[in-house]
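Q: The working numbering numbers the first residue of the sequence shown as 128 and each following residue consecutively.
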Amino acid sequence: MLIRFLKSFPSISYKLFLLIVFLLTPFVAFSAGEKIDYPKQKWSFSGITGTFDRASQQRGLQVYKEVCSGCHGLRLLAYRNLKAIGYNDDEIKAFASENNVNTINDEGEIVERPARPSDRFVSPYPNDKAARAANGGAYPPDLSLIVKARPDGANYLHALLTGYVDAPAEKKVPDGMYYNKYYSGNLIGMPQPLYDDGVEYADGTKATPEQMAKDVTAFLAWASEPEMEDRKRLGISVILFLLLLTLLSYFAMKQIWAPIKNK
Ligand code: HEC
């Protein structure tokens, strides 16, 4: 029926339609993806035209700083990268200088200095062993790439952060472990990090665990892929360009062959 409908158009439209379907197939195929059962959240950054929500990212940075950074590093991000989510140079300078980094002075001794915008985010522990020792043997992973490193990363992270529930009666939860319905195996070494009003948002948004989980995920999704917006913009222009080029080549071909065909 659809085909008959399309065939009723001049043949060029039919071919064009097939071409467009052909070009769009990869998107449909990719978005089908693996099936994982984390509750699906609405993310401003999903889809091929999605962009980050600056206000949410800024709140997420606050959650990271006030809650997660006690245990998790973000070592692939430099303070100056925060410019991309709407901070100016002075704010970044002030933010960076709240942390200290080691440096070597003129006498060759290791001394501390305040971090600069060009420094990477300072990690909470000097090394992996110190991190494990402070967390009962569990290792709090660096969060720079976490949203990319887990399948369905944004939904997973949101689910994990809001997934702390009472363990079912038959499940034994050892000391230093916590029950989380979305963590694989359900026993995680991370205590529930988000509680009502865990932070006080500068913009007055109510800090529910749900809201904080959303914001910190939006922030970490950006940290995992700061170039996402550029990548999508480029992708869309390339597709438009290729479509246009295809059309042009088609009509050029028609014109070039016209004298021969008409003979
Ligand atoms: C008190 C320390 C502590 C705080 C605070 C904390 N975490 Fe964790 N986190 C851990 C530890 C320890 C692990 C490793 C758990 C394990 O291996 O069982 C972990 C694991 C994780 C994981 C990895 C889960 C996986 O799939 O492997 C993510 C993601 C995570 N934390 C995110 C966060 C975020 C986001 C925050 C802030 C809202 C946060 N954490 C706050 C200690 C902490």
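Every residue, glycine too, gets a C-beta built ideally from N, C-alpha and C.
Consult DSSP for I219 and reduce its assignment to one of helix, strand or coil.
A: helix
Q: For A281 versus M317, is the C-beta spacing smaller than 9 Å?
A: no
Q: Any heavy atom of the ligand HEC closer than 8 Å to the Cβ of I315?
A: yes
Q: Which residue or residues does DSSP assign as beta-bridge partners of L314?
A: Y306.
Q: Any chance the region 324 to 340 sits against the region 185 to 201, with 3 or more Cβ pairs inside 8 Å?
A: yes
Q: With DSSP collapsed to three states, give me the class of T178.
A: coil
Q: May I have the straight-line CA-CA distance separating K299 from G213, to the nearest angstrom?
A: 46 Å
Q: Is the Cβ-Cβ distance between Y206 and A182 less than 9 Å?
A: no
Q: For a test of the three-state rule: what should DSSP assign to V194, helix, strand or coil?
A: coil
Q: Between the C-alpha atoms of W384 and L150, what's the straight-line distance to the nearest angstrom?
A: C-alpha separation (whole angstroms): 26 Å.
Q: When DSSP builds the beta bridges, which residues end up paired with V238?
A: T230
Q: Using the beta-carbon count (16 or more within 10 Å), is P166 buried or exposed?
A: Taking a 10 Å sphere around the C-beta of P166, we find fewer than 16 other C-beta atoms and assign the residue as exposed.
Q: Distance check for A223 and A211, CA to CA, integer angstroms please.
A: 15 Å
Q: The alpha helix (DSSP H) spanning F248 covers which residue range?
A: Unbroken run through F248: none, as it is neither H nor E.
Q: Look at L288 and G200 and say whether their C-beta atoms are less than 9 Å apart.
A: no
Q: Have a look at V365 and C195 and give me their C-alpha separation to the nearest angstrom.
A: 39 Å
Q: Identify whether Y214 lies in helix, strand or coil by the three-state DSSP scheme.
A: Residue state, collapsed to three classes: coil.
Q: Relative to the alpha-carbon of V343, which residue among E356, D293, P320, G331 has its alpha-carbon at the smallest distance?
A: P320
Q: Using the Cα positions of R240 and N229, report the straight-line distance between them to the nearest angstrom.
A: 6 Å
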